[in-house]
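>
Protein chains: 4
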Amino acid sequence: MVSRRLDVGILGATGMVGQQFIMQLANHPWFRIAWLGASERSEGKKYRDLAWRLSAPRPAEVDDMVVEAAAPGRAPRIMFSGLDSKVAGEIEREFAAAGHFVVSNARNYRMEQFVPLLVPEVNPDHLKLIPLQQQAKGWKGAIVTNPNCATVPLVMALAAARHFEPARVMISTMQAVSGAGYPGVASLDILSNLVPFIDGEEEKIQTESLKIMGTLQTDRVVPHPMVVSAQTTRVPVINGHTETISVQFTNKPSLEDLKAAFRGFTAKPQQLGCPSAPKQPVQVMDEPNRPQPRLDVEREGGMAVFIGRVRPCPVFDYKFVALGHNTVRGAAGAAVLNAELMLAEKLFD
Amino acid sequence: MVSRRLDVGILGATGMVGQQFIMQLANHPWFRIAWLGASERSEGKKYRDLAWRLSAPRPAEVDDMVVEAAAPGRAPRIMFSGLDSKVAGEIEREFAAAGHFVVSNARNYRMEQFVPLLVPEVNPDHLKLIPLQQQAKGWKGAIVTNPNCATVPLVMALAAARHFEPARVMISTMQAVSGAGYPGVASLDILSNLVPFIDGEEEKIQTESLKIMGTLQTDRVVPHPMVVSAQTTRVPVINGHTETISVQFTNKPSLEDLKAAFRGFTAKPQQLGCPSAPKQPVQVMDEPNRPQPRLDVEREGGMAVFIGRVRPCPVFDYKFVALGHNTVRGAAGAAVLNAELMLAEKLFD
Amino acid sequence: MVSRRLDVGILGATGMVGQQFIMQLANHPWFRIAWLGASERSEGKKYRDLAWRLSAPRPAEVDDMVVEAAAPGRAPRIMFSGLDSKVAGEIEREFAAAGHFVVSNARNYRMEQFVPLLVPEVNPDHLKLIPLQQQAKGWKGAIVTNPNCATVPLVMALAAARHFEPARVMISTMQAVSGAGYPGVASLDILSNLVPFIDGEEEKIQTESLKIMGTLQTDRVVPHPMVVSAQTTRVPVINGHTETISVQFTNKPSLEDLKAAFRGFTAKPQQLGCPSAPKQPVQVMDEPNRPQPRLDVEREGGMAVFIGRVRPCPVFDYKFVALGHNTVRGAAGAAVLNAELMLAEKLFD
Amino acid sequence: MVSRRLDVGILGATGMVGQQFIMQLANHPWFRIAWLGASERSEGKKYRDLAWRLSAPRPAEVDDMVVEAAAPGRAPRIMFSGLDSKVAGEIEREFAAAGHFVVSNARNYRMEQFVPLLVPEVNPDHLKLIPLQQQAKGWKGAIVTNPNCATVPLVMALAAARHFEPARVMISTMQAVSGAGYPGVASLDILSNLVPFIDGEEEKIQTESLKIMGTLQTDRVVPHPMVVSAQTTRVPVINGHTETISVQFTNKPSLEDLKAAFRGFTAKPQQLGCPSAPKQPVQVMDEPNRPQPRLDVEREGGMAVFIGRVRPCPVFDYKFVALGHNTVRGAAGAAVLNAELMLAEKLFD
């Protein structure tokens with residue numbers, strides 16, 4: 002479908018999300034890493050001379066690339082942003098104004114009126130916000146965002162069951178330390194322990210999920226009418242956010258219909274053949290003690306959501322456990338899939 | 002109040018719960034360990050020659066005690082049972098029939114009609130089931146049970162807020178490995194991992210809580226009309242079950258009234274001066290990231306329940322985090338407090 | 002080199018080592034899994050219906066294979082054994098007597114006079130013991146063993162530096178829980194803890210290393226004259242044994258010569274193109290804080306040994322840190338490489 | 002022995018070591034916390050309003066104390082220093098020059114010629130360096146230091162066996178994360194992992210141990226002639242440094258004599274009745290799998306050293322495992338015991 006690989010750049014290329022971007026984009030069939038940007042501390046250095054923190058080895062194609070300042074100019078048109086939210090606001094705006102498409106993992110613009118908060122399987126039509134964004138901001142470029150890492154497994158499950166009209170959702174998360182970046186969580190805080198608080202996380206889950214599941218109208222996304230309540234906890238797990246979820250539906254399905262809806266869920270990125278799209282985005286596990294983060298999170302390249310223990314809930318209709326890879330499906334992989342959808346939808350033409 | 006220490010025995014004295022019983026009863030002001038019983042494998046051995054698995058050193062007073070067979074005969078009238086549920090059914094019945102008061106941590110008789118499922122701060126009046134039990138069974142002794150370890154923090158919190166009439170409760174637990182005994186959870190299953198399934202645990206929480214909060218009528222306990230839905234997960238924590246809870250009340254209190262109810266909760270064991278009773282059974286922590294099991298679980302001798310993050314819930318009325326010590330307040334300490342209440346109520350006279 | 006894949010069988014196919022064998026042999030260019038044997042409990046069941054404990058998904062090619070009793074008969078000529086040492090002695094002998102080549106990970110026959118204790122890069126000539134074994138035992142088949150998982154990193158390093166004549170070796174190991182199988186180490190023993198004792202492990206390291214590095218003479222292996230002292234500790238790591246090692250050489254090299262010897266080490270399996278042979282069997286890492294098990298153990302398919310911090314030792318000549326994958330290079334991968342060497346050396350013809 | 006409690010101050014009172022100082026000095030029979038000093042960030046704040054990071058609750062006696070600037074003036078004569086080494090050099094000198102006795106845990110002055118590097122059981126006579134220090138520096142006060150946390154278990158063991166003249170020592174450590182302070186080790190670096198490198202640690206063990214075991218001569222300490230080689234590793238343990246040690250003696254004892262020397266070790270702080278002195282400073286455990294940090298480190302208030310697995314070493318004479326509490330016996334408790342010895346020796350008169 003794509004005849005040659007498009008050049009892309011990475012903002013925040015030395016951070017944890019930036020390194021995950023490099024993993025997702027190395028040898029990508031549609032994109033080619035052509036530019037790395039980071040803070041002044043790393044500017045001018047070869048990438049091989051900077052700390053690499055992932056367990057997978059650093060892809061050779063970035064070894065000799067020289068890190069540049071995080072400013073437009075020589076950067077490619079398509080930019081992935083793994084910037085920290087402290088600086089993302091200004092830098093991403095600067096790039097969008099200069100004509101770049103910024104596919105961002107930062108939280109800064111997620112809830113802005115004309116910015117798509119995109120999950121390709123859930124709300125691909127929200128990309129139609131882009132012309133409105135360009136008009137409103139006077140930009141030639143645009144910003145497209147992906148949700149918070151803990152929001153993804155929830156909305157993937159709810160979208161698969163959208164037909165049954167989720168009305169009330171209770172979610173309690175157990176989130177991996179990699180979600181806090183590096184150095185992130187201190188070992189003294191988490192060894193044989195857990196911390197039942199992640200600053201701002203519950204609000205993100207409660208609001209982002211409504212926008213993602215929302216309906217695009219003339220000039221805005223009308224949030225989904227469901228109500229979501231989240232409690233979030235950090236646990237001593239490396240990768241993978243696990244979530245216990247209870248849902249009350251307006252059109253309550255049978256247990257078998259709900260499972261079938263999860264299993265049969267497929268959407269635009271699957272139909273368009275996006276390379277990062279998992280064949281089956283929501284996978285139901287039948288073993289009574291699954292999914293488990295250490296055993297399951299890397300399956301399907303970390304891009305699917307794993308659901309287990311689907312069963313009736315005495316208070317709501319059904320409850321289940323969901324697992325998603327927070328640094329892949331919940332961060333860099335999400336953004337790459339967003340860009341793949343945008344390319345397949347000819348938004349970069 | 003008590004002039005001399007009463008002799009007590011421990012059934013299942015070599016297991017994890019039995020060892021915790023020894024910790025709770027060593028130097029107890031009202032009770033004196035006079036008898037240790039275990040399976041044939043340990044029979045006839047000095048206790049000092051058996052494996053000790055707690056981090057606190059073994060109390061010297063049991064060092065030279067010889068373990069006996071788990072059968073009535075020379076055993077004292079008051080027996081604590083840390084027996085495994087596989088054998089507790091038969092052995093406890095045998096002791097009760099022989100005239101012993103069996104204060105048990107096993108699950109076997111918890112839901113039986115005439116057996117008190119006792120939390121001294123919550124349902125001390127359920128002890129009135131004992132004469133009915135004795136009559137129905139033709140026993141001179143009796144069996145009194147404490148709930149599942151994960152049920153205790155929930156019912157302590159709900160009992161403190163009982164006046165507001167809890168109607169719907171959603172709970173997701175993160176449970177320590179010590180709750181599964183020894184060897185219990187394999188390290189390969191839990192290092193940097195979690196297991197979102199504990200066999201039978203959700204049912205226990207959902208049913209035991211209703212009986213404990215239930216109303217004693219002529220010849221039975223009428224379960225509380227609230228509905229509880231539980232999801233339970235094993236996490237890599239040594240001691241302490243942490244629970245995220247959302248509650249809808251029939252008489253919704255203000256946030257401040259709910260916190261005040263938690264903080265002001267006091268009950269019979271406090272009034273009677275039971276030695277193991279925490280002065281303040283439900284403690285509210287104001288720090289945003291507490292309670293945490295490693296930092297808080299040993300406070301108040303492990304006998305209080307710690308509650309944090311009390312806040313409005315978008316779906317129900319309020320949500321909060323609760324923490325309880327599973328092997329103390331959720332097992333051996335619970336049974337010892339049960340026996341203290343029984344002694345203070347002159348049930349052993 | 003090999004025109005068609007040879008049928009092989011796996012003894013103990015349901016255990017941890019057996020499952021690792023399946024991982025190593027699925028899609029193997031020279032071998033094809035044709036037979037799975039296990040204890041009576043699993044006999045007659047489809048492999049897909051048995052518990053799978055590795056994080057990598059179960060290879061599809063074994064899904065529908067039916068597990069057979071661990072007895073010769075319909076089993077292929079080449080057998081891999083992941084049997085527990087309690088049963089390996091008898092079953093492996095039975096297979097060898099029946100004409101099978103048993104490539105075993107069990108410890109039972111490792112120190113027998115005519116049994117090769119093989120590390121293909123270190124002592125490939127010890128395969129010449131096989132005819133002696135067959136003659137002495139009257140077997141048409143034979144048993145070939147690989148060493149204890151903690152011995153492999155040590156002998157790989159010492160073999161690379163063999164020319165300098167290691168004379169005295171001090172080693173302290175920090176070993177992963179997967180080395181103890183499943184359920185193996187209880188989580189209560191190892192969470193935020195370590196256990197400075199692994200039954201029998203120190204003796205294995207101290208004796209197996211001398212046999213592996215020993216010299217083949219007419220009818221026996223003369224142990225290497227070096228002296229080795231080991232201390233072994235279990236630590237809360239999933240995969241990878243890390244070892245701190247100090248060595249005194251008879252011909253002390255310069256630091257650079259030692260590093261060059263590590264880096265330049267290559268041997269028979271590399272020359273013969275064995276598929277599981279790492280290109281560079283001993284890899285020296287220059288970062289001051291490497292190797293680390295979580296970051297490095299899966300590199301090179303888990304078949305290389307990683308060495309870091311090579312530096313002078315105030316007491317002996319040099320000290321360094323070595324890391325090896327205990328269930329791959331230290332178990333199933335080791336046996337598969339042994340079989341590859343045997344095939345390349347035409348021992349199966 | 003002491004009629005009233007002497008006022009003491011704590012420098013660096015808000016850090017991890019400072020908080021441990023507060024734990025060791027609260028309710029101390031000889032000392033009373035009268036002054037808390039820290040960096041500008043905390044100056045003027047009540048101690049109760051600052052973060053408390055230990056699992057034991059904050060002692061009430063410091064709740065309302067106001068933190069002062071880390072400068073002499075109103076501070077008591079006896080000062081404990083838990084300062085970071087980046088600032089300890091200047092501040093401790095300033096206090097000593099102003100007439101304070103600074104009992105320091107910082108590393109800055111440990112190896113200075115006239116500064117005692119004190120372990121009360123090992124080298125109490127090194128306190129005689131104080132007048133030399135005062136003369137050389139022109140100070141009325143003085144600085145006394147305790148060793149690095151990993152050095153303490155080693156020198157306690159070696160001092161108990163001093164009579165047999167240790168000549169060559171090989172040590173490999175497995176050190177708890179609390180040794181790195183807070184936030185210290187990142188969870189991503191240590192969950193299910195270990196890091197075989199702690200910056201500067203090996204040099205400290207190798208040199209500090211020689212000074213501590215050294216002989217006081219006219220104007221200096223002549224280092225002990227033994228040679229020590231250390232390898233140091235960070236492991237996912239909360240508290241407790243575990244060390245595998247091999248020793249070659251000049252006068253090789255029998256195994257029983259060595260164990261008896263460990264068990265019978267007693268010294269000045271025991272004779273003088275120092276309150277923090279463990280009755281038996283070196284405790285030999287007979288169980289084959291002990292000591293273990295999680296089970297044993299808090300015994301004896303964390304002030305004893307636990308030794309296990311004493312056995313012959315094929316390369317040297319004997320090998321064994323030692324465990325010490327790094328933040329108690331290896332830091333704050335060590336300094337408090339130093340001050341107790343100084344008081345008992347009338348150095349503060």
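Residue numbers (the numbering used here), protein chains in the order written: chain A, 2 to 350; chain B, 2 to 350; chain C, 2 to 350; chain D, 2 to 350. Glycine included, C-beta positions come from ideal geometry on N, C-alpha and C. Just so it is clear, the structure is predicted and the values come from calculations on it, not from any experiment.
(1) In chain E, what lies closer than 8 Å to L195 (chain B) by C-beta?
(2) Which residue wins for smallest C-alpha separation from S193 (chain D), given the options A:L26, A:R295, A:G100?
(3) With 7 Å set as the bound, which would you pick, yes or no: does the beta-carbon of F250 (chain C) sit closer than that to a beta-carbon of chain D?
(4) Roughly how many angstroms lie between the CA atoms of E202 (chain B) and A332 (chain B), to the nearest whole one?
(5) On the DSSP letters alone, give me the boundaries of the alpha helix (DSSP H) that F263 (chain B) sits inside.
(6) Have a look at the DSSP bridge pairing and note the partners of H242 (chain D).
(7) Starting from the C-beta of V222 (chain C), find all residues in its chain whose C-beta is less than 6 Å away, skip the five residues before and the five after it, and write them out in chain order.
(8) Residues of chain A with CB under 7 Å from Y183 (chain D), in chain order?
(9) Are the C-beta of L192 (chain D) and some C-beta of chain A separated by less than 7 Å?
(10) What I want to know is whether the C-beta of M286 (chain B) ends up closer than 6 Å to one or more non-hydrogen atoms of the ligand COA.
(11) What does V178 (chain B) reach in chain C if we use C-beta pairs closer than 7 Å?
(12) Any idea which residues DSSP pairs D8 (chain B) with across the strands?
(13) When you compare each of B:Q207, B:E93, B:P270, B:L324 to G10 (chain B) by their alpha carbons, which one comes out closest?
(14) Do you know whose CA, among D:V311, D:Q20, D:D318, D:H326, lies nearest M1 (chain D)'s CA?
(15) Listing by chain order, which chain D residues have their CB less than 8 Å from the CB of N290 (chain C)?
(16) What are the boundary residues of the beta strand (DSSP E) that S82 (chain D) is part of?
(17) Which residue's Cα is closest to the Cα of N149 (chain B): B:P292, B:V67, B:E341, B:V329?
(18) In whole angstroms, what separates the C-alpha of A187 (chain A) from that of F349 (chain B)?
(19) Would you say the segment 33–41 of chain A touches the segment 65–72 of chain A, given that touching needs at least three Cβ pairs under 8 Å?
(20) Kindly indicate which residue of D:F102, D:R6, D:K347, D:E341 has the alpha-carbon position closest to the one of P270 (chain D).
(21) So that I know if they touch, is there some Cβ in chain B lying closer than 7 Å to that of S43 (chain D)?
(22) Going by Cα to Cα distance, which pick from D:L256, D:K280, D:S179 is closest to E122 (chain D)?
(23) If Q176 (chain A) and H242 (chain A) are in contact, beta carbons under 8 Å, what's the gap, nearest whole angstrom?
(24) Out of curiosity, what's the CA-to-CA distance linking L273 (chain D) and L344 (chain D)?
(25) Quick test of your reading: Q20 (chain D) and R49 (chain D), contact by CB under 8 Å. State the CB separation rounded to the nearest angstrom.
(26) So which residues on chain D does E299 (chain B) lean against when the C-beta distance must stay under 9 Å?
(27) Helix, strand or coil, according to DSSP, for L217 (chain A) in the structure here?
(28) Just curious, the alpha helix (DSSP H) that V186 (chain A) is in, first and last residue?
(29) Where do the N-terminal and C-terminal ends of the beta strand (DSSP E) with M286 (chain D) fall, by residue?
(30) Can you name, in chain order, every residue of its own chain whose Cβ lies under 7 Å from the Cβ of G180 (chain D), other than the five neighbours on each side?
(31) Please list, in chain order, the chain A residues whose beta carbon lies closer than 8 Å to that of P315 (chain B).
(32) Using a 10 Å radius around the Cβ and a threshold of 16 neighbouring Cβ atoms, would you call K205 (chain A) buried or exposed?
(33) Helix, strand or coil, according to DSSP, for K212 (chain D) in the structure here?
(34) Go through its chain and collect everything with a Cβ distance to A52 (chain A)'s Cβ below 8 Å, but skip five positions before and after it.
(35) Have a look at A335 (chain A) and V153 (chain A) and give me their C-alpha separation to the nearest angstrom.
(36) Report the option in D:A76, D:A323, D:Q207, D:Q114 whose CA atom is closest to the CA atom of A1 (chain D).
With the given structure in hand:
(1) The chain inventory of the structure shown lacks chain E, comprising the protein chains A, B, C and D.
(2) In the fourth sequence, residue 193 (chain D) corresponds to position 192, counting from 1. Among A:L26, A:R295, A:G100, the Cα nearest to that of S193 (chain D) belongs to A:R295.
(3) The residue labelled residue 250 (chain C) in the question sits at position 249 within the third sequence. Cβ-Cβ to chain D under 7 Å: no for F250 (chain C).
(4) Counted from its first residue, the second sequence places residue 202 (chain B) at position 201. Counted from its first residue, the second sequence places residue 332 (chain B) at position 331. Using only the alpha carbons, I get a separation of about 14 Å.
(5) Taking the first residue of the second sequence as position 1, residue 263 (chain B) is located at position 262. Segment 256–265, the alpha helix (DSSP H) holding F263 (chain B).
(6) Taking the fourth sequence and counting its residues from 1, the one referred to as residue 242 (chain D) is at position 241. According to DSSP, which records beta bridges pairwise, H242 (chain D) is partnered with D:G325.
(7) Residue numbering aside, residue 222 (chain C) sits at position 221 when the third sequence is read from its first letter. Result list for V222 (chain C): K212, G215, in chain order.
(8) Mapped onto the fourth sequence, residue 183 (chain D) falls at position 182. Taking a Cβ-Cβ threshold of 7 Å, the residues of chain A close to Y183 (chain D) are A187, L189, in chain order.
(9) In the fourth sequence, counting from the first residue as 1, residue 192 (chain D) sits at position 191. Closer than 7 Å: yes.
(10) You won't find the ligand COA in this model; it holds no ligand whatsoever.
(11) Along the second sequence, read from residue 1 onward, the residue named residue 178 (chain B) stands at position 177. The answer, in chain order, is S188, L189, L192.
(12) Against the second sequence, residue 8 (chain B) aligns to sequence position 7. Bridge partners of D8 (chain B): B:R33.
(13) Position 9 of the second sequence, counted from the start, is the residue given in the question as residue 10 (chain B). Nearest of B:Q207, B:E93, B:P270, B:L324 to G10 (chain B), Cα basis: B:E93.
(14) The requested residue 1 (chain D) is not part of the displayed model; chain D covers only 2 to 350.
(15) Walking along the third sequence from the start, residue 290 (chain C) turns up at place 289. Result: V196, P197, F198.
(16) By one-based count along the fourth sequence, residue 82 (chain D) stands at place 81. Residue range 79–82 is occupied by the beta strand (DSSP E) that includes S82 (chain D).
(17) Taking the first residue of the second sequence as 1, we reach residue 149 (chain B) at position 148. With distances taken between Cα atoms, N149 (chain B) lies closest to B:V329.
(18) Counted from its first residue, the first sequence places residue 187 (chain A) at position 186. Counted from its first residue, the second sequence places residue 349 (chain B) at position 348. Taking C-alpha positions only, A187 (chain A) is separated from F349 (chain B) by approximately 51 Å.
(19) yes
(20) In the fourth sequence, the residue the question calls residue 270 (chain D) occupies position 269. The residue with the shortest Cα to Cα distance from P270 (chain D) is D:E341.
(21) Within the fourth sequence, the letter at position 42 stands for residue 43 (chain D). It does not; no Cβ of chain B falls within 7 Å.
(22) Within the fourth sequence, residue 122 (chain D) is the residue found at index 121, counting from 1. Looking at the Cα atoms, D:K280 is the closest of the given residues.
(23) To locate residue 176 (chain A), count along the first sequence from 1; it is residue 175. To locate residue 242 (chain A), count along the first sequence from 1; it is residue 241. That pair is a contact at about 5 Å.
(24) By 1-based counting over the fourth sequence, the position of residue 273 (chain D) is 272. By 1-based counting over the fourth sequence, the position of residue 344 (chain D) is 343. Whole-angstrom Cα-Cα distance: 10 Å.
(25) For the purposes of this step, residue 20 (chain D) is identified with residue 19 of the fourth sequence, where counting begins at 1. For the purposes of this step, residue 49 (chain D) is identified with residue 48 of the fourth sequence, where counting begins at 1. No, Q20 (chain D) and R49 (chain D) are not in contact; Cβ-Cβ is about 13 Å, not under 8 Å.
(26) By 1-based counting over the second sequence, the position of residue 299 (chain B) is 298. Think of a sphere of 9 Å around the beta carbon of E299 (chain B): the chain D residues whose beta carbon falls inside it are S56, A57, in chain order.
(27) Within the first sequence, the letter at position 216 stands for residue 217 (chain A). Three-state result, L217 (chain A): strand.
(28) In the first sequence, counting from the first residue as 1, residue 186 (chain A) sits at position 185. Here V186 (chain A) belongs to no alpha helix (DSSP H), and DSSP marks it neither H nor E.
(29) To locate residue 286 (chain D), count along the fourth sequence from 1; it is residue 285. Counting along the chain, the beta strand (DSSP E) containing M286 (chain D) begins and ends at 283–286.
(30) If you number the fourth sequence from 1, residue 180 (chain D) lands on position 179. Only C150, H242, N327 meet the Cβ criterion.
(31) Mapped onto the second sequence, residue 315 (chain B) falls at position 314. Taking a Cβ-Cβ cut-off of 8 Å, the neighbours of P315 (chain B) in chain A comprise Q207, V228, V229, S230, given in sequence order.
(32) Taking the first sequence and counting its residues from 1, the one referred to as residue 205 (chain A) is at position 204. Buried: at least 16 other Cβ atoms inside 10 Å.
(33) Walking along the fourth sequence from the start, residue 212 (chain D) turns up at place 211. The three-state secondary structure of K212 (chain D), taken from DSSP, is helix.
(34) Within the first sequence, numbered from 1, the residue matching residue 52 (chain A) stands at position 51. Cβ within range, chain order: T15.
(35) The residue you call residue 335 (chain A) lines up with position 334 of the first sequence. The residue you call residue 153 (chain A) lines up with position 152 of the first sequence. A335 (chain A) and V153 (chain A): Cα-Cα distance of roughly 9 Å.
(36) It is not possible to answer for residue 1 (chain D), since the shown part of chain D is limited to 2 through 350.
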